[in-house]
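K.L.:
Take 10 as the starting number for the sequence shown in our numbering and just add one per residue.
What follows is a single structure, and I will ask about it in a moment.
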Amino acid sequence: MRLWRLCSLGLLMAGLLLGGGAAVASITTTKHNLSSDNPGTYRATAEQRICLMCHTPHNANPAGPLWNHTLSGATYTPYSSSTLNAQPGQPTGASKLCLSCHDGTVAVGSVYNMPGAYEEWLAPGVYRYSGTIVGLEETIASSALLGIDLRDDHPISFLFDSTLASYSGEFFSPSTLDGPSGMGVKLDQNGELQCTSCHEPHSSENPKFLRVAYQDGGGFGSPLCRTCHNKNGWDTSKHRISKAVWNGADTNPWHVEGQNLANDSVNSTPKANACENCHDPHAGGGGERLLKRDGEQRLCLACHGGTGLEGNVSDATDPTFNIERSLNKLYPHPVLDTAYDGRHRPKRGDVTTNYKVREDPDNLAGANRHVKCQDCHNPHAVQPGVSPNPEDDTVTDNTSSAASNVLNLVWGVSPSWPSAWSEVYRSAYTEVDDILYQYQLCLKCHSDYAFDTIANGTSNIPDSYAYPGPGIYKLTDQGKEFNPNNPSYHPVTEFAGKNDFKMTVSGTVYDYSSSLLKGFTPNSTMTCADCHSDPDTLAGTGPKGPHGSDNWPILIAPYDETTGQSGTWDTHLCFRCHDKNVYTYAGGTTSEWWRTGYSGSGMGGRKNLHAFHNYRRNAPCMTCHSAVPHGMKRRALLIYGHSPSTDAGADPEPYNAQSRRVPVTGSNGADYGIPSARDVDAVQSGNWSKSYCHSTGVGVGCAMGM
Numbered sequence: 010m011r012l013w014r015l016c017s018l019g020l021l022m023a024g025l026l027l028g029g030g031a032a033v034a035s036i037t038t039t040k041h042n043l044s045s046d047n048p049g050t051y052r053a054t055a056e057q058r059i060c061l062m063c064h065t066p067h068n069a070n071p072a073g074p075l076w077n078h079t080l081s082g083a084t085y086t087p088y089s090s091s092t093l094n095a096q097p098g099q100p101t102g103a104s105k106l107c108l109s110c111h112d113g114t115v116a117v118g119s120v121y122n123m124p125g126a127y128e129e130w131l132a133p134g135v136y137r138y139s140g141t142i143v144g145l146e147e148t149i150a151s152s153a154l155l156g157i158d159l160r161d162d163h164p165i166s167f168l169f170d171s172t173l174a175s176y177s178g179e180f181f182s183p184s185t186l187d188g189p190s191g192m193g194v195k196l197d198q199n200g201e202l203q204c205t206s207c208h209e210p211h212s213s214e215n216p217k218f219l220r221v222a223y224q225d226g227g228g229f230g231s232p233l234c235r236t237c238h239n240k241n242g243w244d245t246s247k248h249r250i251s252k253a254v255w256n257g258a259d260t261n262p263w264h265v266e267g268q269n270l271a272n273d274s275v276n277s278t279p280k281a282n283a284c285e286n287c288h289d290p291h292a293g294g295g296g297e298r299l300l301k302r303d304g305e306q307r308l309c310l311a312c313h314g315g316t317g318l319e320g321n322v323s324d325a326t327d328p329t330f331n332i333e334r335s336l337n338k339l340y341p342h343p344v345l346d347t348a349y350d351g352r353h354r355p356k357r358g359d360v361t362t363n364y365k366v367r368e369d370p371d372n373l374a375g376a377n378r379h380v381k382c383q384d385c386h387n388p389h390a391v392q393p394g395v396s397p398n399p400e401d402d403t404v405t406d407n408t409s410s411a412a413s414n415v416l417n418l419v420w421g422v423s424p425s426w427p428s429a430w431s432e433v434y435r436s437a438y439t440e441v442d443d444i445l446y447q448y449q450l451c452l453k454c455h456s457d458y459a460f461d462t463i464a465n466g467t468s469n470i471p472d473s474y475a476y477p478g479p480g481i482y483k484l485t486d487q488g489k490e491f492n493p494n495n496p497s498y499h500p501v502t503e504f505a506g507k508n509d510f511k512m513t514v515s516g517t518v519y520d521y522s523s524s525l526l527k528g529f530t531p532n533s534t535m536t537c538a539d540c541h542s543d544p545d546t547l548a549g550t551g552p553k554g555p556h557g558s559d560n561w562p563i564l565i566a567p568y569d570e571t572t573g574q575s576g577t578w579d580t581h582l583c584f585r586c587h588d589k590n591v592y593t594y595a596g597g598t599t600s601e602w603w604r605t606g607y608s609g610s611g612m613g614g615r616k617n618l619h620a621f622h623n624y625r626r627n628a629p630c631m632t633c634h635s636a637v638p639h640g641m642k643r644r645a646l647l648i649y650g651h652s653p654s655t656d657a658g659a660d661p662e663p664y665n666a667q668s669r670r671v672p673v674t675g676s677n678g679a680d681y682g683i684p685s686a687r688d689v690d691a692v693q694s695g696n697w698s699k700s701y702c703h704s705t706g707v708g709v710g711c712a713m714g715m
């Protein structure tokens with residue numbers, strides 16, 4: 010009894026040294042009580058003393074305060090990540106003590122100083138002997154087993170100081186952490202973060218020996234994580250505030266084993282589980298960044314995918330949150346392509362980039378080209394709300410090029426625009442940490458920024474790309490196409506388009522802006538997602554954005570070589586925003602010439618030449634306009650459309666679609682379009698004449714026979 014009390018006194022001192030304080034007494038109700046009196050999985054056969062499994066009052070191992078448990082001789086693989094600035098090595102301090110059980114290489118009851126050594130007095134000068142407590146011969150297993158590969162465990166044994174905290178701007182200063190008294194994250198005497206920084210091994214106050222309760226006073230989860238991590242945008246993020254309740258389909262995507270019940274509508278919601286909706290500080294299975302599921306997309310689609318899971322991702326059932334349905338369409342952003350797994354390698358920059366996390370641009374092209382959810386979305390900062398849909402004809406100017414809330418705090422690139430129709434090389438781009446406009450996100454992959462891997466000033470965009478699409482698909486420099494110095498472009502930047510939708514004929518100014526639909530005006534801007542989106546968006550049953558579509562390339566409506574011909578007027582892309590009754594013969598008339606910028610006289614009076622050509626030859630839009638309608642080096646997206654085989658000045662693929670055109674009625678299969686002999690920029694809107702296309706010169710003239 011005397012020795013037992015001595016042991017207890019020594020262990021109380023050890024507890025104080027480890028920061029446990031008065032909490033030592035509560036160890037009796039925890040899994041760390043390995044005595045014969047505990048009801049747990051691991052318990053001694055007869056030994057009733059609790060503390061000696063880890064501590065001894067005399068002849069202790071100097072590795073820790075009165076330490077008694079046998080240390081592991083394992084060599085560990087520490088946590089690493091492309092975004093990690095800390096430098097964890099082999100475990101030290103208290104972490105090494107914890108791992109003497111939790112790495113699974115040493116029996117739970119293996120001790121440095123066996124009980125009874127003093128009484129037995131083996132030989133002169135021998136006051137201790139090692140051994141294993143009877144009943145505790147097994148090594149630890151189940152969820153408590155961390156193993157020796159710590160790559161999927163929170164990093165430990167690294168110096169957490171003000172320099173490290175300042176690298177990203179997303180850490181609180183270590184000076185704000187709790188000191189030796191009270192409950193909270195605690196660094197050891199060397200300023201290092203250890204297992205005991207988050208876990209109090211003697212306390213039963215919180216599950217899993219956590220130093221901080223699993224929820225704060227407002228019911229928000231992960232206050233322990235927030236003690237150190239100050240993630241930008243998190244306080245107002247939808248991923249933090251959502252009270253969505255599991256609908257019972259499949260498995261609860263955010264449930265945390267041992268901390269709440271899967272069907273708990275209060276304590277197992279995104280709000281309640283917070284960081285651990287997506288991250289597991291131990292054995293998450295995803296390795297880097299401690300993701301709970303392998304493959305970045307699998308983590309997101311645990312909530313944002315799968316039939317029947319719509320109710321899991323919103324406080325009310327909302328099918329627009331089922332992203333996986335779009336990704337499974339014929340032409341998606343290939344997020345689900347398993348060949349891309351592991352290619353997403355964000356990294357933290359240096360002092361010149363203020364240590365922000367971005368992807369290396371060379372990782373966006375070539376063998377590393379990929380797309381993952383996190384390339385477009387910041388999961389810590391995402392907020393409810395997408396860009397407005399241009400669907401309500403009664404709303405004036407109801408769309409914008411601004412980045413929406415779901416793109417909050419996403420990094421992108423901002424170009425310094427060169428002269429018109431010039432390549433925009435990587436050297437002209439500046440990385441931005443919080444995009445203001447959606448196009449800044451898109452251009453980091455769909456421009457020379459991603460492909461200029463050899464040298465600035467050289468375009469390395471390949472002529473073709475392996476991902477399948479109809480016809481001839483060539484990658485183009487969208488920085489070049491959307492340059493606001495171009496004569497024409499769809500206005501996805503912060504600048505409105507060049508067309509004022511006015512024409513002067515015989516001194517009279519005609520305003521034809523009424524040909525614009527969906528609330529668009531000549532001063533409107535728009536987003537890439539207004540055209541590139543899931544068609545189900547229109548019915549409110551699919552998510553907005555370029556996740557996937559059955560229309561190439563991820564278009565909200567069809568657009569191909571037939572667009573503009575009879576049968577396409579009610580469904581194809583162009584006529585969502587441009588009035589079919591103006592630009593085709595859908596209205597049955599060509600006489601309302603003032604409603605279009607393409608008009609002229611002849612054949613019985615002034616004509617609406619858009620509708621006239623459509624009426625006479627069923628001409629599609631690509632007869633005269635670019636097949637890549639982002640921007641062009643001529644006004645109104647006009648191209649010189651004859652085949653290069655007959656017109657040396659014709660524009661190349663993919664802007665010129667003549668090589669895959671649909672024959673025009675009455676053209677006898679001949680080439681058609683504007684010949685390069687014509688200077689179309691010199692022709693005033695509303696003042697076209699037949700000779701501008703139907704004549705010979707350097708070009709062969711228009712073969713449509715009109």
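Yeah, the Cβ is synthetic: ideal placement off N, Cα and C, and Gly gets one too.
Note the first and the last residue of the continuous beta strand (DSSP E) segment covering tyrosine 438.
P.N.:
438-441 is the extent of the beta strand (DSSP E) around tyrosine 438.
K.L.:
Using the beta-carbon count (16 or more within 10 Å), is leucine 20 buried or exposed?
P.N.:
Summary for leucine 20: the model assigns pLDDT 43, below 50, so the residue's position carries little reliability; its value from the coordinates is reported in the next sentence. Leucine 20 comes out buried.
K.L.:
State the DSSP-derived secondary structure class of alanine 222, mapped to helix, strand or coil.
P.N.:
Alanine 222 falls in the coil class under three-state DSSP.
K.L.:
Excluding the 5 residues preceding and the 5 following methionine 535 in the sequence, name in chain order all residues of the same chain whose CB lies nearer than 8 Å to its CB.
P.N.:
For methionine 535, where only same-chain residues beyond five positions count, the Cβ hits under 8 Å are Pro399, Thr408, Ser409, Ser410, His499, Pro500, Val501, Phe529.
K.L.:
Anyone know if the C-beta pair for lysine 280 and aspartate 289 falls short of 8 Å?
P.N.:
no
K.L.:
Express the C-alpha separation of aspartate 327 and threonine 550 in angstroms, rounding to a whole number.
P.N.:
8 Å
K.L.:
Would serine 175 be called buried (16 or more neighbouring beta carbons within 10 Å of its own) or exposed?
P.N.:
When all chains shown are included, serine 175 counts as exposed.
K.L.:
Quick test of your reading: cysteine 287 and proline 183, contact by CB under 8 Å. State the CB separation rounded to the nearest angstrom.
P.N.:
Going by Cβ atoms, the distance from cysteine 287 to proline 183 rounds to 25 Å, so no, they are not a contact pair.
K.L.:
Look up serine 274 in the DSSP assignment and give the residues it is bridged to.
P.N.:
DSSP lists no partner for serine 274.
K.L.:
Three-state secondary structure (DSSP) at asparagine 94?
P.N.:
coil
K.L.:
Decide yes or no for the touch test of the stretch 254-274 against the stretch 215-232: beta carbon pairs closer than 8 Å, at least 3 of them.
P.N.:
yes
K.L.:
Could you check the C-alpha separation between leucine 418 and aspartate 509 for me, to the nearest Å?
P.N.:
Roughly 34 Å between the two C-alpha positions.
K.L.:
Do the stretch 589-603 and the stretch 537-552 touch if we need at least three Cβ pairs shorter than 8 Å?
P.N.:
no
K.L.:
I'd like to know if the stretch 615-627 and the stretch 642-662 are in contact, where contact means that at least 3 CB-CB pairs between them fall below 8 Å.
P.N.:
Contact fails: fewer than three Cβ-Cβ distances are below 8 Å.
K.L.:
Could you tell me if asparagine 677 is buried or exposed, where buried requires 16 or more neighbouring beta carbons within 10 angstroms of its beta carbon?
P.N.:
Only weak support exists for where asparagine 677 lies, its pLDDT of 49 falling under 50; the coordinates are left without a value.
K.L.:
Who does glycine 140 pair with in a DSSP beta bridge?
P.N.:
Val120
K.L.:
Counting contacts by CB-CB distance shorter than 8 Å, is proline 71 in contact with chain C?
P.N.:
The structure shown contains no chain C; it is built from a single protein chain.
K.L.:
Counting along the chain, where does the alpha helix (DSSP H) carrying glutamate 333 start and finish?
P.N.:
From DSSP, the alpha helix (DSSP H) with glutamate 333 extends over 332-336.
K.L.:
Run through the DSSP bridge pairs and tell me what lysine 511 is partnered with.
P.N.:
As DSSP reads the structure, lysine 511 sits in a beta bridge with Asp520.
K.L.:
On the DSSP letters alone, give me the boundaries of the alpha helix (DSSP H) that tyrosine 102 sits inside.
P.N.:
What sits at residue 102 in the sequence shown is glycine, not tyrosine. It spans 102-111 - the alpha helix (DSSP H) in which glycine 102 sits, taken as one unbroken run.
K.L.:
Could you check what DSSP says for lysine 589 in three-state terms: helix, strand or coil?
P.N.:
helix
K.L.:
Once the 5 residues before and after arginine 585 are set aside, which same chain residues still bring their CB inside 8 Å of it?
P.N.:
Pro399, Leu526, Lys527, Ile565, Ala566
K.L.:
Applying the 10 Å Cβ sphere with the 16-neighbour rule, what's the burial state of aspartate 162?
P.N.:
buried
K.L.:
When you compare only the Cα positions, how much space is there between proline 496 and proline 562?
P.N.:
25 Å
K.L.:
In three-state DSSP terms, what is phenylalanine 181?
P.N.:
coil
K.L.:
How long is the line joining the alpha carbons of glutamate 146 and cysteine 234, rounded to whole angstroms?
P.N.:
Glutamate 146 and cysteine 234: Cα-Cα distance of roughly 35 Å.
K.L.:
Report the start-end ranges of each alpha helix (DSSP H) in the stretch 340-401 that is 4 residues or longer and not cut off at the edges.
P.N.:
382-385
K.L.:
In terms of residue numbering, what span does the alpha helix (DSSP H) encompassing serine 423 cover?
P.N.:
Serine 423 -> not in any alpha helix (DSSP H); beta strand (DSSP E) instead, spanning 421-424.
K.L.:
In whole angstroms, what separates the C-alpha of leucine 61 from that of asparagine 377?
P.N.:
For leucine 61 and asparagine 377, the distance between alpha carbons rounds to 54 Å.
K.L.:
Taking the alpha-carbon positions, what's the valine 194 to histidine 111 distance?
P.N.:
Answer to the nearest angstrom: the Cα atoms are 20 Å apart.
K.L.:
Name the two residues that bound the continuous alpha helix (DSSP H) containing tyrosine 282.
P.N.:
The residue asked about is misnamed: residue 282 is asparagine in this sequence, not tyrosine. 279-282 is the span of the alpha helix (DSSP H), which, as asked, contains asparagine 282.
K.L.:
Put asparagine 717 into one of helix, strand or coil per three-state DSSP.
P.N.:
What is shown of the chain runs 10 to 715, which leaves residue 717 out entirely.
K.L.:
Mapping DSSP to helix, strand and coil, what is serine 596?
P.N.:
One point to set straight first is that residue 596 is glycine, not serine, in the sequence displayed. The answer is helix: DSSP assigns glycine 596 an H, G or I state.
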